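A.B. asks: Just so you know, we're using numbering that gives the first Met the number 0 here: the sequence shown kicks off at 0 and counts up by one. Where a beta carbon is used, it is the ideal one built from N, C-alpha and C, also for glycine. These numbers were taken from a predicted model, which means no experiment stands behind them. Before anything else, here's the structure in question.
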Amino acid sequence: MSTFVLVHGAYQGGWVWDRVRVLLEKKGHLVYTPTLTGMSGTSEANYDEVHLSDYIDDICGLIEDEDLHDVVLVGHSYAGMILSGALSRISDRLLMLVYLDAVIPEDRKSFIDMAGEDRRQDYQNRTVVSNYGGKYIAVPSPQRLGLELEEDIDLFMPRYRSQPLQPFYDKVSIDQQAFDRIPKVFINCKKKTVDDSKRLQLVERLGMQYREIETGHSCMVTKPEELAEILIACEESILPFKGGEEGRKIRSMSIKMDF
């Protein structure tokens with residue numbers, strides 16, 4: 000049995016992982032799907048009070064409070080900021096990092112700093128001031144979110160909520176030694192509405208293991224079986240190296256799971 004902590008991206012909550020969580024638990028794994036600060040309920044009162052540091056505290060606090068070790072920490076989209084930012088606090092508790100179609104941040108940079116001009120303009124166009132004066136980004140279209148089936152759109156879109164703006168502007172501090180030491184995987188959702196060539200070049204330059212899924216950005220909704228299969232295969236590939244720093248690496252493996 001292994002431990003997975005699945006961290007959702009912007010606009011979402013822990014519910015977005017439900018389909019994947021069930022599949023992983025069916026195989027006997029321990030799975031946590033926390034909802035980040037400010038992303039539950041419908042209140043607008045706390046939009047300006049939420050920061051990237053709160054998100055990092057959410058995840059580090061969970062892992063510390065539950066005394067988890069050898070954790071496969073998975074972050075979707077914006078949550079790449081959280082994965083990298085958490086290293087200075089919990090790197091000794093992590094087995095591997097999985098960046099699921101996620102930003103791979105640079106030290107002392109913000110999410111906005113690393114977004115392309117088109118994306119920055121899109122965020123600006125969707126920025127709204129709440130009744131309480133706080134700023135947030137309105138939920139994008141289902142197409143931008145990567146939702147493909149009408150039944151998924153009908154089921155999930157009502158659960159998305161506006162994203163507090165400030166975490167997009169908060170700069171992340173990265174423990175570079177820990178980042179270099181811990182095995183990393185990048186999973187690419189190939190059906191995108193944005194150019195991803197620079198990020199894929201970064202994945203290659205960093206020597207990250209690479210996997211891909213032929214679907215839109217929200218693969219945990221659209222391709223849960225394939226995603227669960229990849230997560231288990233990556234985790235199983237590193238099991239022989241648990242408890243040791245040297246030689247910990249991910250071997251290229253393709254393990255079919257019978258869900």
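#1: Starting from glutamine 165, trace the beta strand (DSSP E) in both directions and tell me its first and last residue.
#2: Beta carbon of valine 184, beta carbon of methionine 219: below 8 Å?
#3: Helix, strand or coil for methionine 207, going by three-state DSSP, please let me know.
#4: Could you say if the region 164-177 and the region 189-199 meet the contact criterion of at least three C-beta pairs nearer than 8 Å?
#5: Start and end of the beta strand (DSSP E) containing tyrosine 98?
#6: Evaluate the contact criterion for the region 136-149 versus the region 51-64: three or more CB pairs, one atom per stretch, below 8 Å.
#7: Measure from the alpha carbon of aspartate 47 to the alpha carbon of each residue in Gly79, Thr126, Gln142 and Arg92, then state which is nearest.
#8: Can you pull the DSSP bridge partners for valine 4?
#9: What would DSSP say about lysine 241, mapped onto helix, strand or coil?
#10: Tell me which residue opens and which closes the alpha helix (DSSP H) that tyrosine 10 is part of.
#11: Bridge partners of glutamine 162, per DSSP?
#12: Would a C-beta distance cut-off of 8 Å place valine 15 and glutamate 24 closer than the cut-off?
#13: Taking all protein chains shown into account, decide if glutamate 203 is buried (16 or more other Cβ within 10 angstroms of its Cβ) or exposed.
#14: Taking only three categories from DSSP, how would you classify asparagine 268?
#15: Excluding five sequence neighbours on each side, which residues of the same chain lie with their C-beta closer than 7 Å to the C-beta of arginine 92?
#16: Given that a residue counts as buried once 16 or more other Cβ atoms are within 10 Å of its Cβ, and exposed if not, what is glutamate 234?
#17: Quick one: is aspartate 64 buried, meaning 16 or more other Cβ sit within 10 Å of its Cβ, or exposed?
#18: Note down the Cα distance separating serine 76 from serine 52, rounded to an integer number of angstroms.
#19: Answer yes if the region 128-139 comes into contact with the region 98-114, meaning at least three C-beta pairs across the two stretches below 8 Å, and no otherwise.
#20: What is the rounded straight-line gap between the Cα of proline 223 and the Cα of alanine 137?
C.D. replies: The short version:
#1: If you number the sequence shown from 1, residue 165 lands on position 166. Where glutamine 165 is concerned, there is no enclosing beta strand (DSSP E), although the alpha helix (DSSP H) it sits in stretches over 165-168.
#2: For this step, residue 184 is matched to residue 185 along the sequence shown. For this step, residue 219 is matched to residue 220 along the sequence shown. No, these two residues do not count as a Cβ contact at 8 Å.
#3: Taking the first residue of the sequence shown as position 1, residue 207 is located at position 208. Methionine 207 falls in the coil class under three-state DSSP.
#4: no
#5: Stepping through the sequence shown from its first residue, residue 98 is reached at position 99. Counting along the chain, the beta strand (DSSP E) containing tyrosine 98 begins and ends at 93-99.
#6: no
#7: On the sequence shown, position 48 is the one that residue 47 refers to. The residue with the shortest Cα to Cα distance from aspartate 47 is Thr126.
#8: The sequence position of residue 4 within the sequence shown is 5, counting from 1. Answer is Tyr31 and Leu72, bridged to valine 4.
#9: Position 242 of the sequence shown, counting from 1, holds the residue named residue 241. For lysine 241, the predicted model reports a pLDDT of 43, less than 50, meaning its position is unreliable; a value from the coordinates is still stated below. Of the three classes helix, strand and coil, the one that applies to lysine 241 here is coil, per DSSP.
#10: For the purposes of this step, residue 10 is taken as residue 11 along the sequence shown, with counting starting at 1. Here tyrosine 10 belongs to no alpha helix (DSSP H), and DSSP marks it neither H nor E.
#11: Translated into positions along the sequence shown, residue 162 becomes position 163. Paired residues: Ile136.
#12: In the sequence shown, the residue the question calls residue 15 occupies position 16. In the sequence shown, the residue the question calls residue 24 occupies position 25. No, the pair does not count as a contact, with Cβ atoms beyond the cut-off.
#13: Counting from 1 along the sequence shown, the entry for residue 203 is found at position 204. Exposed, since its Cβ has fewer than 16 Cβ neighbours within 10 Å.
#14: Here the chain has residues from 0 to 258 only, and residue 268 is not among them.
#15: Mapped onto the sequence shown, residue 92 falls at position 93. Cβ within range, chain order: Ile62, Leu67, His68 and Val70.
#16: The residue given as residue 234 occupies position 235 in the sequence shown. Looking at its Cβ environment, which holds 16 or more other Cβ atoms inside 10 Å, glutamate 234 is buried.
#17: Sequence index remark: in the sequence shown, residue 64 carries index 65 (1-based). Exposed, by the Cβ-count rule.
#18: Within the sequence shown, the letter at position 77 stands for residue 76. Within the sequence shown, the letter at position 53 stands for residue 52. Distance between the alpha carbons of serine 76 and serine 52: 17 Å.
#19: no
#20: Against the sequence shown, residue 223 aligns to sequence position 224. Against the sequence shown, residue 137 aligns to sequence position 138. One C-alpha to the other measures close to 26 Å.
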